[in-house]
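*Asks:* Residue numbers (the numbering used here), protein chains in the order written: chain A, 1 to 138; chain B, 139 to 276.
Protein chains: 2
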Amino acid sequence: MSMELENVLIAKQVNPTAVRLLVLEYLLKQKAAISLSDLETELHRADRVTLYRTLKTFEEKGIIHTIKDGTEVTKYALCQDECNNGLHSDMHIHFYCTNCKELYCLPKVQIPKLNLPDDFNLQEMSLVARGICKNCKK
Amino acid sequence: MSMELENVLIAKQVNPTAVRLLVLEYLLKQKAAISLSDLETELHRADRVTLYRTLKTFEEKGIIHTIKDGTEVTKYALCQDECNNGLHSDMHIHFYCTNCKELYCLPKVQIPKLNLPDDFNLQEMSLVARGICKNCKK
DNA sequence: TTGGTGATGCAACTCAATTGCATTCATTTT
DNA sequence: AAAATGAATGCAATTGAGTTGCATCACCAA
């Protein structure tokens, strides 16, 4: 429960409670995006609804972003630094591995510019690629 | 209930029942993708489950494709000609209008090639753009 | 007519997401 | 220190989409 973690929350104007610190700590450890159920399994001492609301709060404050990857469940992952108060700039792509069922953020792969018809006003994009991830490919 | 419609189903090896013809007819009229609820509202004389299974069948036979647009509900739209028996080639993008909440297929806008790390094996992609559609922009 | 297969309808269930409300906790005010 | 306030948490219950099981119905073939 380092001072570091607390400061991350405080910087985003989120009250650093015990549960929230645990959730943040867990998020930092992940290589892939997580679901509410993942969180519930890990932090079984906290109520599902509390964890749900924690994720909601984190998202509103720009700490995490949500990803609908085409499966039934919503995934969550830490934002890059540029995100603030729900103004997410997660124009990067997400990669869903059909083998291990994990969803990875690939922040280095920008979504290419689209040739949209002039009469469409683009605000944001979400690109989910599906295939086999590097770990499963080995 | 034209012969045309029947032939579309027969060509895709789908038994042209009354409900299926109505569903196909409805799909052909749409400019945007539809949800099961939309269908239910339109064809209230058919059971929800029947409509659900009709959409499933259509998808398996390559008549329509499903789109997860980031909202809670699955959307359905007619395939281009190239789709067959669930082998969909819908690499085009979808545009979700945040104003009218409609989801449009933009078959002419191909998804650009991505610069994925070598160790990821790409199988398919889904790109949903969000913004204001041409009708709402006026 | 009978038998069989596929299509349809009804009921019920699953599961993630969400809301309401009561309780607890922390911090401030008196 | 006690009371008050607001936020955070926990528990119960609800919603809504998607899905499955099973019985019935429609249609075609023998």
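All C-beta atoms in this analysis are idealised placements derived from N, C-alpha and C, irrespective of residue type, glycine included.
#1: DSSP beta-bridge partners for residue 66(A)?
#2: So with Cβ pairs under 7 Å, would you call residue 137(A) a contact of chain B?
#3: Just list the residues that DSSP pairs residue 263(B) with in beta bridges.
#4: What's the call for residue 141(B), buried or exposed, on a 16-neighbour Cβ count within 10 Å?
#5: Would you say residue 262(B) lies against chain A (beta-carbon separation less than 7 Å)?
#6: If I measure Cβ to Cβ from residue 245(B) and keep anything under 7 Å in the same chain, skipping five residues before and after, which residues do I get?
#7: My output table needs one value for residue 249(B): the three-state DSSP class, helix, strand or coil.
#8: From residue 200(B) to residue 169(B), what distance separates their C-alpha atoms?
#9: Would you say residue 187(B) and residue 115(A) are within 7 Å of each other, going by their C-beta atoms?
#10: Where does residue 58(A) sit, in a helix, a strand or coil, going by DSSP?
#11: Can you list, in chain order, the residues of its chain whose CB lies under 7 Å from that of residue 54(A), leaving out five sequence neighbours each side?
*Replies:* Judging by the given coordinates:
#1: 76(A)
#2: yes
#3: 129(A)
#4: exposed
#5: yes
#6: 218, 230
#7: coil
#8: 19 Å
#9: no
#10: helix
#11: 19, 20, 23
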